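**Student:** Residue 7 in our numbering sits at position 14 of the sequence shown, with consecutive numbering throughout.
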Amino acid sequence: TTKAVDNASAGTIDRLATDPILAARAVTLFSASRSLGLAAARDPAALDALTDTLYPTPFSEPTTAGILRDHRIMSAAITEDPRAALRRFKHAEMMRIAARDLTRTAPLDVVANEIALLASECLQAALEIGRAETDTSDLAFTIIGMGKLGGRELNYSSDVDVMFVHDGDLDAAQKLGRSVIRIMQEQLEDGIVFRTDADLRPEGRAGALSRTIDGYQAYYERWAEAWEYQALLKADVIAG
-6 TTKAVDNASA GTIDRLATDP ILAARAVTLF SASRSLGLAA ARDPAALDAL TDTLYPTPFS
54 EPTTAGILRD HRIMSAAITE DPRAALRRFK HAEMMRIAAR DLTRTAPLDV VANEIALLAS
114 ECLQAALEIG RAETDTSDLA FTIIGMGKLG GRELNYSSDV DVMFVHDGDL DAAQKLGRSV
174 IRIMQEQLED GIVFRTDADL RPEGRAGALS RTIDGYQAYY ERWAEAWEYQ ALLKADVIAG
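1) Taking Cβ to Cβ, would you say Glu146 is nearer than 8 Å to Ala109?
2) Could you say if the region 131 to 148 and the region 74 to 84 meet the contact criterion of at least three C-beta pairs nearer than 8 Å?
3) If I follow the unbroken alpha helix (DSSP H) through Phe187, where does it start and stop?
4) Hey, would you say Leu79 sits closer than 8 Å to Ala125, going by beta carbons?
5) Taking Asp94 as part of the alpha helix (DSSP H), name the residues at either end of that continuous run.
6) Going by DSSP, what residue range makes up the alpha helix (DSSP H) through Asp192?
7) Between which residues of its own chain and Met139 is the CB-CB distance below 7 Å, once the five residues before and five after are set aside?
8) Drop a sphere of 10 angstroms on the beta-carbon of Ser24, count the other beta-carbons inside from all chains shown, and report buried for 16 or more, exposed for fewer.
9) Drop a sphere of 10 angstroms on the beta-carbon of Asp247, count the other beta-carbons inside from all chains shown, and report buried for 16 or more, exposed for fewer.
10) For the candidate residues Ala166, Arg215, Ile185 and Asp164, whose alpha-carbon lies nearest to that of Ala112?
11) Kindly indicate which three-state DSSP category Ala38 falls into: helix, strand or coil?
12) Can you tell which of Ala39, Glu121 and Thr98 has the C-alpha that lies nearest to the C-alpha of Met87?
13) Is there contact here, the region 163 to 179 with the region 200 to 219, by at least three beta-carbon pairs under 8 Å?
14) Could you tell me which uninterrupted alpha helix (DSSP H) segments, each at least 4 residues in length, are contained entirely in the region 96 to 184, listed from first to last along the chain?
15) How many Å lie between Asp7 and Pro37 at the Cα?
16) Buried or exposed for Leu116, please, with buried defined as at least 16 other CB atoms from any protein chain shown within 10 angstroms of its CB.
17) Is Ala19 near Leu31, with beta carbons less than 8 Å apart?
18) Roughly how many angstroms lie between the CA atoms of Arg171 and Thr96, to the nearest whole one?
19) Going by CA-CA distance only, name the one from Ala92, Pro100, Leu15 and Ile14 that's closest to Leu29.
Right, dumping it as structure tokens:
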């Protein structure tokens, strides 16, 4: 976009001018997504996601190595500026995934799976940040992916649906759960990570934000509606 080009550093312009493959991928991507263009303008290093290191050659086997490697890098950076590091990671990975999608390097099912993997990695990082901020490092806590996230079929604009499971103090678990949701969707200069929704839990917004395994079992045995059982078909452990 015009704003992205105006705000980009001279080094980024020079890099695109001297690397025709990178430039072609960038043009394809930024023509389709204003938000990713602005993300690249704010953080020129995000263009690294379009290089051959993380962007497989056409028709190669799809890989999630880039996501897993970058998660290790991002995890090491969260002590400095955790929320900014998490957003940089998300934008760079979304840039790589979208570019592969738009250039038909990856089929639809692979794209949807990688977006879901990205959201899972972001939730894991948000959990790590939340534990540090709420002093809950010893609490047994798991994030369950529901819906498109649990089914590994997330799209670009999907919310991520989650349920929280803990073993220990309920107040501490709910505090940690609220922290994870806040870290994922608070609006900062670089936007949000993913919209995160825990309303599929038992009793919805009226219910406890997290339950123990026994608590879930008791609810599903006594009170659950048919649709709540159907929703569990796509439930999967994704973080914690």
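Positions of the beta carbon are idealized from the N, C-alpha and C atoms, including for glycine.
Fair warning: this is a prediction, and the values are worked out from it, not measured in the lab.
**Tutor:** Once the coordinates are examined:
1) Taking C-beta atoms as the reference points, Glu146 and Ala109 count as a pair closer than 8 Å.
2) Using a C-beta cut-off of 8 Å, the region 131 to 148 makes no contact with the region 74 to 84, since fewer than three inter-stretch Cβ pairs fall below that distance.
3) Looking at the DSSP string, Phe187 is not in any alpha helix (DSSP H), and its letter there is neither H nor E.
4) With contacts defined as CB atoms closer than 8 Å, Leu79 and Ala125 fail to qualify as a contacting pair.
5) That run of the alpha helix (DSSP H) goes Pro75 to Leu95.
6) Asp192 -> no alpha helix (DSSP H), and no H or E assigned at all.
7) Only Asp154, Val155, Met156, Leu193, Ala224, Lys227 and Ala228 meet the Cβ criterion.
8) The residue is exposed, with fewer than 16 neighbouring Cβ atoms inside 10 Å.
9) No information on residue 247 is available, as it lies outside the stretch -6 to 233 that the chain covers here.
10) Considering only alpha carbons, the answer is Ile185.
11) The three-state reading of DSSP puts Ala38 in helix, counting H, G and I together.
12) Comparing alpha carbon positions, the residue from Ala39, Glu121 and Thr98 closest to Met87 is Ala39.
13) With the cut-off at 8 Å, the region 163 to 179 and the region 200 to 219 touch.
14) 101 to 127, 140 to 143 and 163 to 178, all fully within the region 96 to 184.
15) Whole-angstrom Cα-Cα distance: 11 Å.
16) Its Cβ being crowded by 16 or more others within 10 Å, Leu116 is buried.
17) By the CB criterion at 8 Å, Ala19 and Leu31 fall outside the cutoff.
18) So the alpha carbons of these two residues sit roughly 38 Å apart.
19) When each option's Cα is compared against that of Leu29, the closest is Ala92.
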